[in-house]
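Participant: Chains as they are written, first to last, in numbering that gives the first Met the number 0: chain W, 0 to 411; chain U, 0 to 333.
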Amino acid sequence: MSLKKCIVLFLTLSMFAVMAACGESAPAGGGSGGEGSPLRIGAITSLSGALQSYGEDFQRGFYLGLEYMTNNTFTVAGRPIEIIWEDTTNTPDVARERTLSLLERDRVELVTGFASSGDAMASLALFEEFRTVAVIDPAAADAIIAAPNWNEYIFRTGRTSGQDALAMVSVLQNLHPEGGVTVATLAPDSTFGFAMVDPFIAAAEAAGFDVLLTEFIPPDATDASPQLLRLRSAAPQYLYTIWAGPNSPWIQIDELDLQGAGVTLITGAPERDALAAMIPLGQMGGIGFCVYYYTLPQNQHLNDWMVRRHFEEHNMAPDLFTSGGFAAASAIITALEITGGVTDPDVLIPTMRGMEFNTPTGMRYFRYEDHQAMQDLFEIDFTWQEGDEYMVPSFRRVIGRDEIVPPILNGR
Amino acid sequence: MGNITSRFPNLITIPKLLWLLAGIVILIIPPISTTATITMVSRIMIFAVYAMAYDILRGYIGIIHLGFALFIGGGTYFVAILFANVGISIPILLLAIVGTTIYSIIWALIVGKIAAKSGLLATAMITMAFAEIMRNMMERWRTVTNGLDGLTFRVPAPFDNRTFMYYACFVFLLLMAFALYKFTTSPTGRVWQAVRENEQRAVFLGYDTNRARTIALLVSGVVAGLAGVMFALLNRFANTDVLAMQMTYNAMLYSLVGGSGSLFGSIIGSAVVVLFQNFLLDLRGVHFIFERWLIFFGSLYILVVIFMPKGIMGFVETIRERWKHKKGGKIYES
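1. Helix, strand or coil, according to DSSP, for U/P30 in the structure here?
2. Do W/L319 and W/D141 have their beta-carbon atoms positioned less than 8 Å apart in this structure?
3. Keeping to the same chain, check which residues put their C-beta closer than 8 Å to that of U/G118; ignore five residues upstream and five downstream.
4. Please state whether the Cβ-Cβ distance between W/E96 and U/T38 is less than 8 Å.
5. Could you check whether the Cβ of U/W292 sits closer than 8 Å to any Cβ belonging to chain W?
6. Could you give the residue range of the alpha helix (DSSP H) that holds U/Y180?
7. Between U/D148 and U/P186, what straight-line distance do the alpha-carbon atoms span, to the nearest angstrom?
8. Below 8 Å CB to CB, which residues in the same chain sit around W/I143 once its five sequence neighbours on both sides are set aside?
9. Contact check, U/T208 vs U/L108 under 8 Å by CB: the rounded distance?
10. Cutting at 6 Å between CB atoms, please list the residues of its own chain near U/G66, excluding the five before and the five after it.
11. Buried or exposed: which applies to W/P91, given that a residue is buried once 16 or more other Cβ atoms fall within 10 Å of its Cβ?
12. Report the residues of the region 49–81 of chain U with a CB closer than 7 Å to any CB of chain W, ordered along the chain.
13. Would W/R155 count as contacting chain U if we go by Cβ distances under 8 Å?
14. May I have the straight-line CA-CA distance separating W/I331 from W/A372, to the nearest angstrom?
15. Quick one: which chain U residues come within Cβ less than 9 Å of W/G410?
16. State the CB to CB distance for the pair W/L99 and W/T342, rounded to an integer number of angstroms; the pair is presumed to be in contact (CB under 8 Å).
17. I'd like to confirm the pairing. Which residues does DSSP put opposite W/Q371 in its beta bridges?
18. Let me make sure I understand the geometry here. Which of W/P79, W/M68, W/D272 and W/Y67 has the alpha-carbon closest to that of W/P432?
19. Would U/L93 be called buried (16 or more neighbouring beta carbons within 10 Å of its own) or exposed?
20. By DSSP's criteria, W/E214 is part of a beta bridge. Which residues make up the other side?
21. List the residues of chain U whose Cβ lies closer than 7 Å to the Cβ of W/L46, in chain order.
22. Threshold first: 4 residues or longer. Then list the alpha helix (DSSP H) segments lying entirely within the region 80–138 of chain W, N to C.
23. Buried or exposed for W/A223, please, with buried defined as at least 16 other CB atoms from any protein chain shown within 10 angstroms of its CB.
24. Which residues in chain W sit within 8 Å of U/L147, going by Cβ to Cβ distance?
25. So, does the CB of W/M120 fall closer than 8 Å to a CB anywhere in chain U?
26. Note down the Cα distance separating W/G30 from W/D345, rounded to an integer number of angstroms.
27. Mapping DSSP to helix, strand and coil, what is U/D148?
28. Looking at W/G281 and W/V170, is the spacing between their C-beta atoms short of 8 Å?
29. Tell me whether U/S88 is buried or exposed, calling it buried when 16 or more other Cβ atoms sit within 10 Å of its Cβ.
30. Alpha carbon to alpha carbon, how far is W/V262 from W/A139?
31. Using alpha carbons as the reference points, say which of U/V271, U/R291 and U/E196 lies closest to U/G310.
32. Among U/W322, U/G268 and U/N277, which has the Cα closest to the Cα of U/F307?
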């Protein structure tokens with residue numbers, strides 16, 4: 000047979016196959032399972048790649064959360080819990096495929112995870128298609144709860160970038176109840192930077208602050224002098240610096256003596272690895288907000304337990320995303336105890352809407368309109384003492400969850 | 000070194016039976032597999048086209064294009080932006096295809112002009128810069144593209160049916176493979192290989208190497224752009240990762256593992272790498288050592304470079320030549 004005939008044959012066969020196969024296969028619904036049947040949870044996060052440490056922290060926190068919430072029985076409503084872990088490799092199209100595998104091949108009844116917002120965004124539509132509730136933590140993009148990406152199967156226990164911005168503004172408002180504050184921002188010239196700056200500007204302006212400048216640095220630039228010099232001459236009262244990754248600007252800010260120009264540094268305190276880069280900030284002093292640091296929650300029984308257990312199991316303190324994993328587990332177990340182990344979304348979604356659940360940072364609840372967890376954050380001082388391996392956030396006050404209600408973006 | 004055209008087996012010399020077998024396997028996968036498998040094979044087929052297009056540049060005309068992601072990224076973003084902002088329908092898809100083609104043509108012409116004046120290395124560096132420019136643009140244009148967070152969108156029927164999408168990818172692969180095969184065995188294709196072997200000699204022999212190079216870039220760019228369109232339809236999501244260096248590395252690695260200079264090699268390379276990655280990810284549940292799957296993945300590349308430097312197809316060809324030599328038969332296929 001010549002090549003031409005081969006190809007014609009294939010195309011013909013393909014056409015027949017397409018016509019024959021064009022029927023929709025019914026998507027697997029979230030099964031409810033009977034009494035005592037194993038509860039399959041699909042946990043998918045970045046377990047390799049740039050956000051590997053976030054994913055691993057989440058994993059540790061999730062297990063501790065399950066242990067606490069189920070009293071170490073790892074069963075809920077009589078159903079033993081089975082967790083299937085998947086690695087998104089921090090690549091959105093791989094994340095989508097692995098989520099698909101969890102939903103279809105492994106037939107999980109619930110999904111949780113996602114450290115990278117890109118991974119989460121690529122998989123959101125699948126939860127609607129397969130009618131399975133997903134509890135997302137810590138992917139923080141506002142886009143996840145915004146139209147047209149959001150659907151009612153999505154719940155997020157982690158905070159959203161909008162809450163970070165409002166927390167920063169709340170810190171300033173608390174310091175200056177009379178108003179009249181001038182601010183400026185310094186952030187990497189990337190999606191992450193824009194995602195943090197945009198809601199901050201909106202919130203700051205709404206609070207009556209004067210935004211003097213918004214400066215952006217290329218993420219891999221080693222010299223931010225132009226931006227910093229402009230900021231120094233503008234001399235805002237507060238400079239909100241956002242940074243993640245290497246080449247952080249703290250040392251240069253100190254060198255160029257922005258503080259001498261009357262600028263106070265404010266920022267959000269991230270996970271421990273990034274705190275290590277912020278030692279100059281601890282030396283200079285400053286004020287900011289923090290999502291979680293293990294000494295911050297006050298009188299939180301869950302946190303005390305988690306810190307103690309984490310030291311026992313892993314010989315180190317729990318970190319930002321560990322708390323997130325714990326919170327996700329807590330939300331899931333709380334909900335399933337109410338529904339009696341039923342994971343059918345027609346029962347589970349109305350249950351979870353507005354539901355309060357306990358976490359290491361305090362009580363959170365899922366907002367009705369977009370299922371985003373309303374939660375407390377913390378106002379902190381930046382401190383550092385000789386011998387500290389990283390900048391240590393020190394407690395000032397709790398930023399209440401009602402102070403930081405982000406705008407509803409999904410059109411509800 | 001021997002006759003250039005038989006250095007690597009072209010599509011005809013592979014036994015017909017193997018073709019038919021592969022075709023049948025591909026055709027019967029959907030009814031007997033999970034959606035995840037169907038999606039994975041669709042992804043393999045799209046990446047196969049992408050790698051083939053890359054290999055036209057690297058394996059045939061000898062241009063190292065370090066910004067090749069900008070073609071597949073362009074195709075993906077045309078579809079994503081139009082679907083997310085304008086509407087979802089077949090006419091808009093056709094508009095995206097036309098847009099992608101024009102975009103690829105423009106970039107191909109630009110690189111062609113530069114490659115004509117500069118050497119291999121300079122072209123490589125400049126193309127890398129071009130891809131970064133596109134990635135940066137898409138990242139800053141947040142209002143339209145959502146940057147790294149990405150755009151989600153629905154796709155028009157019948158592309159929302161995964162089985163249909165699978166067969167569409169298959170037909171796409173066949174069409175593109177056929178088109179590229181025709182190109183590489185045409186006189187222009189021979190000129191490409193002449194340019195790769197010794198450009199100066201080709202010029203002295205009277206061939207217009209700049210024209211050949213431009214044609215190679217146009218063909219390669221448009222095919223990669225169309226692969227981007229299919230990629231968007233498959234994933235229903237687009238973010239700036241599709242324009243990042245990793246995407247270009249994917250093309251390089253798939254075509255290298257499969258065998259540079261042979262079209263079929265890119266198809267094999269794409270299949271081998273993606274299947275291997277999935278295989279490793281599936282093993283996570285079996286033993287905790289596979290949590291460090293990247294080590295095994297990297298080892299694959301190291302092994303290929305050491306034992307099969309010409310890629311899988313080159314390896315097959317070496318075996319065949321040795322076998323023919325042993326039998327004392329003709330070394331060159333007629």
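Beta carbons are placed, not taken as given, at the ideal position from N, Cα and C, and that holds for glycine. Keep in mind the model is a prediction, meaning the values are calculated, not measured.
Facilitator: In brief:
1. As a working note, residue 30 of chain U is residue 31 in the second sequence. Of the three classes helix, strand and coil, the one that applies to U/P30 here is helix, per DSSP.
2. On the first sequence, residue 141 of chain W is found 142 positions in, with the first residue counted as 1. On the first sequence, residue 319 of chain W is found 320 positions in, with the first residue counted as 1. The answer is no: Cβ separation not under 8 Å.
3. Numbered from its first residue, the second sequence carries residue 118 of chain U at position 119. Correct list: empty, nothing qualifies.
4. If you number the first sequence from 1, residue 96 of chain W lands on position 97. If you number the second sequence from 1, residue 38 of chain U lands on position 39. Cβ atoms of W/E96 and U/T38: closer than 8 Å.
5. Within the second sequence, numbered from 1, the residue matching residue 292 of chain U stands at position 293. Yes - at least one Cβ of chain W is within 8 Å of the one on U/W292.
6. Sequence index remark: in the second sequence, residue 180 of chain U carries index 181 (1-based). Segment R161 to T183, the alpha helix (DSSP H) holding U/Y180.
7. Counted from its first residue, the second sequence places residue 148 of chain U at position 149. Counted from its first residue, the second sequence places residue 186 of chain U at position 187. Each residue's alpha carbon lies about 45 Å from the other.
8. In the first sequence, residue 143 of chain W corresponds to position 144, counting from 1. Result list for W/I143: S116, A119, M120, L123, I135, W149, I153, R155 and T159, in chain order.
9. Locating residue 208 of chain U in the second sequence gives position 209, counting from the first residue. Locating residue 108 of chain U in the second sequence gives position 109, counting from the first residue. The pair is not a contact, with the Cβ atoms about 16 Å apart (cut-off 8 Å).
10. By 1-based counting over the second sequence, the position of residue 66 of chain U is 67. If we look at U/G66 and ignore the five residues flanking it on each side, its Cβ neighbours are T126, M127, F129 and A130.
11. Position 92 of the first sequence, counting from 1, holds the residue named residue 91 of chain W. Around the beta carbon of W/P91, 16 or more other beta carbons sit within 10 angstroms, so the residue counts as buried.
12. Correct list: empty, as no residue qualifies.
13. Residue mapping note: residue 155 of chain W aligns to position 156 of the first sequence, counting from 1. No, its Cβ sits nowhere closer than 8 Å to a Cβ of chain U.
14. Residue mapping note: residue 331 of chain W aligns to position 332 of the first sequence, counting from 1. Residue mapping note: residue 372 of chain W aligns to position 373 of the first sequence, counting from 1. Looking at the backbone, the Cα of W/I331 and that of W/A372 are separated by about 13 Å.
15. Numbered from its first residue, the first sequence carries residue 410 of chain W at position 411. Within chain U, no C-beta atom comes nearer than 9 Å to that of W/G410; the closest sits roughly 15 Å away.
16. For this step, residue 99 of chain W is matched to residue 100 along the first sequence. For this step, residue 342 of chain W is matched to residue 343 along the first sequence. With 8 Å as the limit, W/L99 and W/T342 do not qualify as a contact, their Cβ atoms being about 18 Å apart.
17. Here residue 371 of chain W is taken as the residue at index 372 of the first sequence, counted from 1. W/Q371 has W/R155 as its beta-bridge partners, per DSSP.
18. Any property of residue 432 of chain W remains undetermined from this structure, which presents chain W solely from 0 to 411.
19. The residue given as residue 93 of chain U occupies position 94 in the second sequence. Answer is exposed; the Cβ neighbour count stays below 16.
20. The residue given as residue 214 of chain W occupies position 215 in the first sequence. Under DSSP, W/E214 takes part in a beta bridge, and its partners are W/L185.
21. Mapped onto the first sequence, residue 46 of chain W falls at position 47. Going along chain U in sequence order, the residues near W/L46 (Cβ under 7 Å) are E290.
22. 91–103 and 116–128, all fully within the region 80–138 of chain W.
23. Sequence index remark: in the first sequence, residue 223 of chain W carries index 224 (1-based). Classification of W/A223: buried, given that the 10 Å Cβ count is 16 or more.
24. Here residue 147 of chain U corresponds to residue number 148 of the second sequence, with the count starting at 1. Going along chain W in sequence order, the residues near U/L147 (Cβ under 8 Å) are S116, G117, S189, T190 and F191.
25. Within the first sequence, numbered from 1, the residue matching residue 120 of chain W stands at position 121. It does: the Cβ of W/M120 has a partner Cβ on chain U nearer than 8 Å.
26. Taking the first sequence and counting its residues from 1, the one referred to as residue 30 of chain W is at position 31. Taking the first sequence and counting its residues from 1, the one referred to as residue 345 of chain W is at position 346. With a pLDDT of only 45 at W/G30, under 50, the local geometry of the prediction cannot be trusted, and no value is derived from it.
27. Within the second sequence, residue 148 of chain U is the residue found at index 149, counting from 1. Coil, per DSSP.
28. Taking the first sequence and counting its residues from 1, one reaches residue 170 of chain W at position 171. Taking the first sequence and counting its residues from 1, one reaches residue 281 of chain W at position 282. When the beta-carbon positions are compared, W/V170 and W/G281 stay at least 8 Å from each other.
29. Walking along the second sequence from the start, residue 88 of chain U turns up at place 89. That one is exposed.
30. Here residue 262 of chain W refers to the residue found at position 263 when the first sequence is read from its first residue. Here residue 139 of chain W refers to the residue found at position 140 when the first sequence is read from its first residue. A straight line joining the alpha-carbon of W/V262 with that of W/A139 spans about 29 Å.
31. Stepping through the second sequence from its first residue, residue 310 of chain U is reached at position 311. Measuring from the Cα of U/G310, the nearest candidate turns out to be U/V271.
32. Here the question's residue 307 of chain U lines up with position 308 in the second sequence. Note that residue 307 of chain U corresponds to Met in the displayed sequence, not to Phe. Nearest of U/W322, U/G268 and U/N277 to U/M307, Cα basis: U/G268.
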